[in-house]
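In what follows, a single structure is set out as structure tokens and then discussed.
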Ligand code: ACO
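Numbering (the numbering used here), first residue to last: 670 to 991.
Laid out in structure tokens, this is it:
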């Protein structure tokens, strides 16, 4: 049996920081409102010309270095993103070219904020099936490009960044389970009402923006994240006490706190980067994971549960022993 394990992680944030005070000057809001309702104090925003692939490359190089490998070992590249540089080729193909190692499968996954969970679950399946031995899995976004900076109900929530993992074949897990889900009935609670097949009209007018019914998203997010955690525990025969760290999608501090409270998960074992990263969509989970690895909270041998939720709606979990 081939199992997979996380051999190295990396993260990258663009240098430009936009604080809540900066947003006070752009829209009718206050720094205090944003912090109290979301837990966000600041977010990183890519400079003009700085692309999703630029962020993905930096995060990938850090993960490769942490894993102690060379790019030539990689035999699968998956990038989760909703904000690719181009309609095609994929960011994964561009990234393969940047790394200068050609021939392996490379493709993007689009599951919005759950994208990294989908990508990691798929990489695990490739490794289980014996079709890959060393996967580079990246979540990368320039999500602020699809934000209307005049809409105070959405522009305060998001940021840009990238997180990456090197996932390698192992004799024992590693990744203990993955569970990927979607319910398309919720598709218009959170979406960008523009796209290629619709004829680019909003894109041409530079109006391809995130539209969201925030209150409803909040409620479904809390219920779904909580239920997903409990299902992952049940299907693995584990209790909350068996999990060292929960790494949820970093949407909003109140969503994380309400989810933890609802299922009785101790908040001090929930990794949160919401305050300084905001919501980086597919990048949020691997970025938070990498922060907690590098600051020494997540340690080898510990059980970590990743849980994602996002547009679609999509959601899912990956349970792993680090
Ligand atoms: N500054 C000041 N006032 C604001 C702002 C703002 N930035 N945004 C909204 N308001 C106003 C509203 O207009 C409303 O005013 P009204 O009462 O006069 O109509 C009032 O604040 C309250 O609005 P609510 O939507 O009820 O505020 P709420 O406490 O629900 O917070 C928020 C809004 C932060 C968007 C919250 O609903 C939320 O976080 N939802 C989840 C959305 C999310 O995380 N989406 C990300 C993608 S999904 C995911 O990643 C899970």
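Beta carbons are placed, not taken as given, at the ideal position from N, Cα and C, and that holds for glycine.
- Taking the Cβ atoms as the reference, residue 936 lies roughly 5 Å from residue 929, within the contact range of under 8 Å.
- Under the DSSP assignment, residue 803 falls outside any alpha helix (DSSP H), being part of the beta strand (DSSP E) whose first and last residues are 803–810.
- For residue 848, the enclosing beta strand (DSSP E) stretches over residues 844–851.
- With a threshold of 6 Å, the Cβ atom of residue 941 does not count as near the ligand ACO, since no heavy atom of the ligand is closer than that.
- For the pair residue 863 and residue 721, the CB atoms are not nearer than the 7 Å cut-off.
- With 16 or more other Cβ atoms from the protein chains shown falling within 10 Å of its own Cβ, residue 748 counts as buried.
- DSSP, read as helix, strand or coil, puts residue 721 in helix.
- Closest option to residue 683, judged by alpha-carbon separation, among 675, 696 and 712: 712.
- With a cutoff of 7 Å on beta-carbon distance, residue 799 and residue 735 are scored as not near each other.
- Following the DSSP letters along the chain, one finds residue 677 inside the beta strand (DSSP E) bounded by residues 672–681.
- When only Cα atoms are considered, residue 943 and residue 766 end up about 32 Å apart.
- At least one heavy atom of the ligand ACO lies closer than 6 Å to the C-beta of residue 979.
- Annotation for residue 712: the continuous beta strand (DSSP E) segment containing it runs 711–713.
- Apart from the 5 residues on each side of it in sequence, residue 780 sits with its Cβ closer than 6 Å to the Cβ of 787 and 983 in its chain, given in chain order.
- Around the C-beta of residue 965, fewer than 16 other C-beta atoms lie within 10 Å, and the residue is accordingly described as exposed.
- Within 6 Å of the C-beta of residue 784 there is not a single heavy atom belonging to the ligand ACO.
- Comparing alpha-carbon positions, the option among 886, 868 and 794 lying closest to residue 842 turns out to be 794.
- Per the DSSP secondary-structure output, residue 880 pairs in a beta bridge with 860.
- Out of 952, 968, 894 and 906, the CA that lies nearest to the CA of residue 933 is found in 894.
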